[in-house]
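For reference, the structure is listed below as structure tokens.
Here it is as structure tokens:
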């Protein structure tokens, strides 16, 4: 009977597409990934478990339909299993969100004292308060609303977009927003890989304080032997995904990225253990592991205990912007998972976009180095399509004129944070525009983001920002 179940399981999880030499590892990943994301979705975003599993997990692979889970609301934890085994546990800690424990671990003793946030005014508009979107008489709201409705529509036969939130910022004001029925303007939403951009901003804060230099070799404990060729990798090369390190970013169930997020207790240490696959700075390869190596560097540069580590980004970045919904989640080593796991409301994500639009300046204070936005949005020389900077995506033209840029209908000055399932913070400097879009968009389904950008621009006045 067990053999029959395993054969059926292999068929379900796509044996024809991926080869799994270790079924135990595969099912451990399925259980761990489910525990972490169900925990965060429930205790942070407030989604119901069944709807969250159906919208965010099941479309990734049929294997997730085999997961059983049980919430412990009193102790704020969740336990998952697959076919009665492979039990995993994730625990919610105030201020830190949910942490996936390693197999066999039952608890985690560390905690932080969350900062107290000032209540935002209900009468003031964004970014200072919670009042409704501002009406800008120069904007064509018929076109704008049509564009937003189109973004929320379900035109794809291949799968659902499941758009959760759209927010539009123009000339520094929130001019439109829309949410799905199960969330509101205060709901913290998952970043996925947009977290990489925030990790990049953490580096910028530390550069401004003189604690990091991106042009110097990255200080990674595993690479400190002078005979280790990895000791020559600079922080800049990590930021630009050109380190040459081996890392399988394929989004299967048993790959480096899934193991890192669903099995390993220290994500950065796991990624740093990888060998060089290419000569340093000769090859571009997108890697969540690299962002977690950077996250470890950030943690060591900040120094101090977990409380100090937690407070750094909150006080240096979020509090000045009036962001009070942001949660950076850690792995079992209490290091922020800088590749994937940050939660914040759509309005608060928009503030981060506006900060970038303003070249790192907010209310007269230069939070980031004056050259930082230019640095992060300069194309990486090893990126074959000129579409990646330093932890940010770009919309520049490729060197090969026979290849179109990623969003052909959108201008080349656009840069953005992007995440799995269709999370975006898009900055359009020439239009003084920030667009935020969140969803649980199913694999293989058009996210409609390029059309949302072009629809929004079509609704704006024609003058160009000077």
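In our numbering, the protein residues as written are 572 to 1037.
Virtual Cβ for every residue (Gly too), placed ideally from N, Cα, C.
Contact set for residue i: own chain, Cβ-Cβ below 6 Å, skip 5 residues either direction
i: residue 998; result: 924, 927, 928, 986, 1005
i: residue 835; result: 841
i: residue 629; result: 635, 636
i: residue 863; result: 838, 839, 842, 909, 910
i: residue 575; result: Its pLDDT being 46, under 50, residue 575 is placed unreliably in this model, and the value from its coordinates should be taken loosely. Once the five neighbours on either side are set aside, residue 575 has no close Cβ partner at all.
i: residue 829; result: 600
i: residue 976; result: 966, 968
i: residue 817; result: 845, 846, 848
i: residue 756; result: 918
i: residue 889; result: 897
i: residue 692; result: 700
i: residue 930; result: 944
Spatial neighbours of residue i in its chain, beta-carbon cut-off 7 Å, leaving aside the 5 residues before and after
i: residue 851; result: 803, 804, 808, 814, 815
i: residue 919; result: 894, 896, 897
i: residue 981; result: 966, 1021, 1024, 1025
i: residue 719; result: 737, 747, 749
i: residue 1016; result: 727, 729, 730, 731, 732
i: residue 673; result: 836, 903
i: residue 711; result: 1030
i: residue 948; result: 960, 963, 965, 986
i: residue 983; result: 966, 967, 968, 976
i: residue 619; result: none
i: residue 642; result: 613, 620, 649
Exposure label - residue i; buried when at least 16 CB within 10 Å
i: residue 590; result: Note that residue 590 has pLDDT 47, beneath the 50 cutoff, so the model's placement of it is unreliable and the number below is only indicative. Burial call: exposed.
i: residue 868; result: buried
i: residue 721; result: exposed
i: residue 974; result: exposed
i: residue 1003; result: buried
i: residue 942; result: exposed
i: residue 827; result: buried
i: residue 683; result: buried
i: residue 599; result: buried
i: residue 708; result: exposed
i: residue 1029; result: exposed
i: residue 773; result: buried
i: residue 586; result: Note that residue 586 scores 43 on pLDDT, short of 50, meaning its location in the model is unreliable; the coordinates nonetheless yield the value given after this. Answer is exposed; the Cβ neighbour count stays below 16.
i: residue 694; result: exposed
i: residue 821; result: exposed
i: residue 622; result: exposed
i: residue 1001; result: exposed
i: residue 1011; result: buried
i: residue 1014; result: exposed
Option in the options with minimal Cα separation from residue i
i: residue 966; options: 973, 950, 972; result: 950
i: residue 811; options: 687, 918, 767, 1015; result: 767
i: residue 937; options: 960, 957, 947, 891; result: 891
i: residue 637; options: 643, 645, 648, 658; result: 658
i: residue 806; options: 921, 641, 748, 961; result: 961
i: residue 644; options: 656, 800, 839, 609; result: 609
i: residue 884; options: 665, 903, 775; result: 775
i: residue 681; options: 1027, 904, 727, 717; result: 904
i: residue 701; options: 978, 690, 711; result: 690
i: residue 854; options: 676, 979, 954, 617; result: 954
i: residue 780; options: 939, 622, 756, 900; result: 939
i: residue 1032; options: 866, 755, 742, 1011; result: 742
i: residue 668; options: 984, 970, 958, 901; result: 901
i: residue 762; options: 979, 916, 617; result: 916
i: residue 956; options: 978, 1008, 935; result: 978
i: residue 914; options: 952, 666, 671; result: 666
i: residue 1009; options: 615, 751, 618, 678; result: 751
i: residue 602; options: 656, 1012, 714; result: 656
i: residue 770; options: 865, 930, 613, 823; result: 865
i: residue 882; options: 759, 795, 685, 788; result: 685
i: residue 907; options: 798, 873, 935; result: 873
i: residue 687; options: 886, 946, 944, 958; result: 886
i: residue 604; options: 632, 716, 996; result: 632
i: residue 652; options: 617, 595, 646, 760; result: 595
Whole-number beta carbon distance between residue j and residue i, since they are thought to touch under 8 Å
i: residue 1018; j: residue 993; result: 4 Å
i: residue 764; j: residue 859; result: 7 Å
i: residue 783; j: residue 777; result: 4 Å
i: residue 650; j: residue 640; result: 7 Å
i: residue 606; j: residue 661; result: 4 Å
In DSSP terms, what residue i is bridged to
i: residue 994; result: 990
i: residue 734; result: 1010
i: residue 937; result: 932
i: residue 837; result: DSSP output for residue 837 lists no bridge partner at all.
i: residue 906; result: Residue 906 is not bridged to any residue.
i: residue 749; result: 737
Close Cβ partners of residue i (< 8 Å) along its chain, the five nearest in sequence each way excluded
i: residue 745; result: 696, 697, 698, 704, 705, 738, 739, 918, 921
i: residue 593; result: 825
Any non-hydrogen atom of the ligand PLP closer than 8 Å to residue i Cβ
i: residue 866; result: Judged by which ligands are present, the structure shown has none, so any question about the ligand PLP falls away.
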